[in-house]
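Numbering (full-length UniProt numbering), first residue to last: 1 to 407.
The structure under discussion appears below in the form of structure tokens.
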């Protein structure tokens, strides 16, 4: 899946570093992701969730807030309000260059910021928060021992997650003025609140306040056993799966690319180079999008099955489907079919039943496992049926391939 890296102008005229994760096919929707306090667009949770959403067809824009990561500006001069403004600028950029985001996602303080910004992004239909505080001022608890000094001196350096950051009095004043619950009450968009009951950075009571304050449609999902930063890959992937399934109710499905004419029957198979690597291809079959590649040993990046893998998959699927149709028609106790296939080259002289006697031949080994209370005669008959599947017949009969050059 391609990642476009670029800059856009944020609050104060600073150039903000962004990454747009794009699916291989037409995006079903665009999402805007807001990272946690003092984090960045490339933190594990932000990256993993974005990539997982992209794999399901949702394009995701994530970026570094002012003064963080590769973005311009001084973090000391940023505030919660400037973070909210940066999010609105990011949505503006998507609207101007692609499509405005219909999904907004925020992690930790980024969740609070996304809730505050949602009202300024009219195209957004679904808002999801992960481990978000119900009050932005909650973040001051990370450096509460320094608050008096910040107010007295105007600015001091504090250590957050082992890194130094300068916090100004203006940050405290700004964050104290926001009434996030009012934003949540007047959201008028679908809301998904995700939180771990064992989050020791932002307690689960914050999720309760957000959920109770919101109007329907609203949903809550518990991220059992997850830590605040979702450092376990499984937790980030689970969050992405839930967001995708939940948001599907509020977004329109992507339309097939206009350039591809795909009739209902028979459907065309369109294969096109992506140019992301030497052999990477995108395969379009009706509404379906598949990736093809070659193994690393053959000079590819193994980003998808190889051509012979797809050939074997077609034969295996056809075999299983044909056996299922026969078993159901004859009411046979066939619970499940598993077809395992392997392609190889053999010497023609080693094949007694082959007409060709010289050179090399293609050989496909097909092993079929049949679960269920079948007797020997039923198993024998199903194996005979396997050889009658349409793809099997195609592969073992004369094939004519007509190749034409088109403009």
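C-beta: ideal position from N, C-alpha, C; glycine also.
Which of helix, strand or coil DSSP assigns to residue i
i           : result
residue 197 : coil
residue 157 : strand
residue 168 : strand
residue 211 : helix
residue 389 : coil
residue 48  : helix
residue 402 : coil
residue 138 : helix
residue 445 : One cannot answer for residue 445 here, as it falls past the ends of the chain, which runs 1 to 407.
residue 333 : coil
residue 299 : coil
residue 454 : This structure does not reach residue 454, given that the chain is present from 1 up to 407, and the question cannot be answered.
residue 121 : coil
residue 205 : helix
residue 261 : Low per-residue confidence applies at residue 261: pLDDT is 42, beneath 50, and the placement is therefore not dependable enough to give any value.
residue 380 : helix
residue 350 : helix
residue 151 : helix
residue 235 : helix
residue 68  : coil
residue 226 : coil
Opposing strand residues paired with residue i [DSSP bridges]
i           : result
residue 21  : 3 and 60
residue 272 : 282
residue 221 : 194
residue 127 : 104 and 191
residue 163 : 160
residue 15  : 9
N-terminal and C-terminal residue of the beta strand (DSSP E) that residue i is part of
i           : result
residue 341 : 336–347
residue 106 : 103–107
residue 364 : 360–371
Enclosing alpha helix (DSSP H) for residue i [first to last residue]
i           : result
residue 95  : 80–97
residue 181 : 180–185
residue 291 : Segment 288–292 is the beta strand (DSSP E) holding residue 291; no alpha helix (DSSP H) there.
residue 29  : Looking at the DSSP string, residue 29 is not in any alpha helix (DSSP H); the run it does join, the beta strand (DSSP E), is 29–34.
residue 251 : It is not in any alpha helix (DSSP H) - residue 251 carries neither H nor E in the DSSP assignment.
residue 322 : 307–329
From the options, residue whose alpha carbon lies closest to that of residue i
i           : options               : result
residue 77  : 93, 173 and 327       : 173
residue 131 : 97, 278, 209 and 307  : 209
residue 207 : 109, 154, 299 and 163 : 109
residue 200 : 138, 154, 156 and 164 : 138
residue 336 : 348, 360, 373 and 385 : 373
residue 43  : 70, 25 and 24         : 70
residue 327 : 34, 383, 284 and 274  : 383
residue 27  : 302, 193, 332 and 289 : 289
residue 25  : 13, 2, 36 and 112     : 2
residue 244 : 387, 30 and 18        : 30
residue 22  : 123, 55, 242 and 93   : 55
residue 53  : 75, 297, 248 and 401  : 248
residue 412 : 348, 345, 332 and 362 : Residue 412 lies beyond the stretch modelled for the chain, which goes from 1 to 407, so this question has no answer here.
residue 140 : 175, 18, 282 and 33   : 175
>> Taking 8 Å as the cut-off, does the stretch 42–54 touch the stretch 73–83 (at least 3 CB pairs, one atom from each stretch)?
In response: Under the 8 Å Cβ criterion, the stretch 73–83 does not count as touching the stretch 42–54, having fewer than three qualifying pairs.
> Three or more beta-carbon pairs under 8 Å between the stretch 341–353 and the stretch 309–319, yes or no?
Replying inline: Contact holds between the stretch 341–353 and the stretch 309–319, because three or more Cβ pairs, one in each stretch, are under 8 Å apart.
>> If contact is defined by three or more beta carbon pairs under 8 Å, each pair taking one atom from either stretch, is the stretch 162–177 in contact with the stretch 233–250?
In response: The stretch 233–250 vs the stretch 162–177: no contact.
> For the stretch 51–66 against the stretch 29–41, are there 3 or more C-beta pairs whose distance is under 8 Å?
Replying inline: Look at the beta carbons and you see the stretch 51–66 touching the stretch 29–41: at least three pairs across the two are nearer than 8 Å.
> Counting pairs of beta carbons, one from the stretch 86–105 and one from the stretch 180–187, are three or more of them closer than 8 Å?
Replying inline: The stretch 86–105 makes no contact with the stretch 180–187; the number of CB pairs closer than 8 Å stays below 3.
> Taking contact to mean at least 3 C-beta pairs separated by less than 8 Å, is the stretch 146–158 in contact with the stretch 210–220?
Replying inline: Segments in contact, no.
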